[in-house]
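**Student:** For the sequence shown, position 111 matches number 110 in numbering that gives the first Met the number 0, and the numbering has no gaps at all. No residue lacks a Cβ here, since even glycine has one placed at the ideal position from N, Cα and C. My structure is below; once you've seen it, I'll send some questions.
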Amino acid sequence: MSFKNISTEVIKENKNKWLPRIFIILFACLIILFPLPSFEGAKDGLLLWFNTVLPTLLPFMIISNLIINTGLANILGKFLYPVFRVFFRLSPNACYPVLIGFLSGIPVSAKAISDLVSKDDLSVNEGQYILSFSNNPSPIFIMTFIAVSQLHMPSIRFHLLFINYISGLIAALIYFKLIPLSKNISSKKYYISTQEL
């Protein structure tokens with residue numbers, strides 16, 4: 000390896016280390032120089048989370064944990080599997096996180112997928128596939144907060160909801176076309192093959 004290549008790597012490494020530190024210092028300086036806007040922004044963000052995000056997500060997160068830990072996810076998967084197998088090529092255990100993702104959205108879908116992967120009910124590859132199309136904003140968040148509270152256009156709430164779901168389905172189709180499914184003989188589950196990547 001030449002001296003020029005070594006110097007370039009050292010510069011890149013130092014740049015990667017110092018760039019985040021510079022942004023942190025600038026951020027701290029802005030807070031000190033503009034304390035009132037920083038205070039108002041922090042207060043508004045906290046109130047937004049407390050009044051909108053927390054009430055919307057907390058019930059779904061509690062219910063999702065109860066469904067997974069009590070085994071109801073497996074029962075729901077058996078009922079949903081015939082439909083979801085045709086459209087998404089999913090295993091039975093993957094049906095519940097897709098359903099909860101369409102109903103409650105971010106981050107409950109990701110949490111449900113993570114819980115099922117950690118319990119070995121889903122493979123990591125299938126979890127990544129589900130995450131590509133089910134981890135969307137929740138319908139309640141889109142129809143109430145975005146359409147009504149922010150845009151003041153309640154008449155377009157179903158249009159936004161349609162865009163939300165159709166984009167997820169398009170993402171699933173693209174993911175499915177790019178990465179073919181293969182069968183895991185040992186666990187008898189379908190998962191995404193990473194050998195094609």
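State yes or no: is the C-beta of isoleucine 62 within less than 9 angstroms of the C-beta of tyrosine 95?
**Tutor:** Locating residue 62 in the sequence shown gives position 63, where the first residue counts as 1. Locating residue 95 in the sequence shown gives position 96, where the first residue counts as 1. Result no, Cβ atoms of isoleucine 62 and tyrosine 95 do not sit closer than 9 angstroms.
**Student:** Among Asn92, Pro36, Ile139, which residue has its Cα nearest to the Cα of proline 153?
**Tutor:** In the sequence shown, counting from the first residue as 1, residue 153 sits at position 154. Closest by alpha carbon: Ile139.
**Student:** With 16 as the cutoff for other CB atoms within 10 Å, does glycine 70 come out buried or exposed?
**Tutor:** The residue labelled residue 70 in the question sits at position 71 within the sequence shown. It counts as exposed.
**Student:** What whole-angstrom Cβ distance do leucine 121 and alanine 93 have, given they're in contact under 8 angstroms?
**Tutor:** Position 122 of the sequence shown, counted from the first residue, corresponds to residue 121. Position 94 of the sequence shown, counted from the first residue, corresponds to residue 93. So it is a contact: roughly 6 angstroms between Cβ atoms.
**Student:** Is it the case that the region 125 to 138 contacts the region 161 to 169, given that we only count it when at least three CB pairs across the two stretches are under 8 angstroms?
**Tutor:** Judged by Cβ distances under 8 angstroms, the region 161 to 169 makes contact with the region 125 to 138, as three or more pairs qualify.
**Student:** Drop a sphere of 10 angstroms on the beta-carbon of phenylalanine 33, count the other beta-carbons inside from all chains shown, and report buried for 16 or more, exposed for fewer.
**Tutor:** Taking the sequence shown and counting its residues from 1, the one referred to as residue 33 is at position 34. Exposed.
**Student:** Is glutamate 39 near leucine 89, with beta carbons less than 9 angstroms apart?
**Tutor:** Here residue 39 refers to the residue found at position 40 when the sequence shown is read from its first residue. Here residue 89 refers to the residue found at position 90 when the sequence shown is read from its first residue. Contact: no.
**Student:** With a 10 Å radius around its C-beta and 16 neighbouring C-beta atoms as the bar for buried, classify valine 123 as buried or exposed.
**Tutor:** Counting from one through the sequence shown, the residue named residue 123 turns up at place 124. Counting Cβ neighbours within 10 Å, valine 123 comes out exposed, since fewer than 16 surround it.
**Student:** Under the rule that 16 or more other beta-carbon atoms within 10 Å means buried, what is leucine 25, buried or exposed?
**Tutor:** Stepping through the sequence shown from its first residue, residue 25 is reached at position 26. Counting Cβ neighbours within 10 Å, leucine 25 comes out exposed, since fewer than 16 surround it.
**Student:** Here's the rule: buried if 16 or more other CB atoms are within 10 angstroms of the residue's CB, otherwise exposed. What is asparagine 163?
**Tutor:** If you number the sequence shown from 1, residue 163 lands on position 164. Buried, because 16 or more other Cβ atoms sit within 10 Å of the Cβ of asparagine 163.
**Student:** Taking Cβ positions, are glycine 104 and alanine 111 nearer each other than 9 angstroms?
**Tutor:** As a first step, residue 104 must be located in the sequence shown, where it is residue number 105. As a first step, residue 111 must be located in the sequence shown, where it is residue number 112. Not a contact, by the Cβ cut-off of 9 angstroms.
**Student:** Do you know whose CA, among Arg84, Leu65, Ser137, lies nearest aspartate 114's CA?
**Tutor:** Here residue 114 is taken as the residue at index 115 of the sequence shown, counted from 1. Of Arg84, Leu65, Ser137, the residue nearest in Cα terms is Leu65.
**Student:** Which whole-angstrom value is the C-beta distance of isoleucine 173 and leucine 159, which I expect to be below 8 angstroms?
**Tutor:** The residue given as residue 173 occupies position 174 in the sequence shown. The residue given as residue 159 occupies position 160 in the sequence shown. So it is not a contact: roughly 21 angstroms between Cβ atoms.
**Student:** Can you tell me which of Asn15, Leu57, Ala171, Pro19 puts its alpha carbon nearest to the alpha carbon of proline 106?
**Tutor:** As a first step, residue 106 is located in the sequence shown; it is residue number 107 there, counting from the start. Looking at the Cα atoms, Leu57 is the closest of the given residues.
**Student:** What runs of the alpha helix (DSSP H), each 4 residues or longer, lie entirely inside the region 47 to 75?
**Tutor:** For the region 47 to 75, whole alpha helix (DSSP H) runs of length 4 or above, ordered along the chain, are 53 to 68.
**Student:** Is leucine 121 helix, strand or coil by DSSP?
**Tutor:** The count along the sequence shown starts at 1 and reaches residue 121 at position 122. Leucine 121 falls in the coil class under three-state DSSP.
**Student:** Nearest-angstrom Cα distance between asparagine 35 and arginine 156?
**Tutor:** The count along the sequence shown starts at 1 and reaches residue 35 at position 36. The count along the sequence shown starts at 1 and reaches residue 156 at position 157. For the sequence presented, residue 35 should be read as leucine rather than asparagine. Those two C-alpha atoms are separated by around 35 angstroms.
**Student:** Can you tell which of Ile21, Ile23, Thr143, Phe87 has the C-alpha that lies nearest to the C-alpha of proline 54?
**Tutor:** On the sequence shown, position 55 is the one that residue 54 refers to. That would be Thr143, whose Cα lies nearest to the Cα of proline 54.
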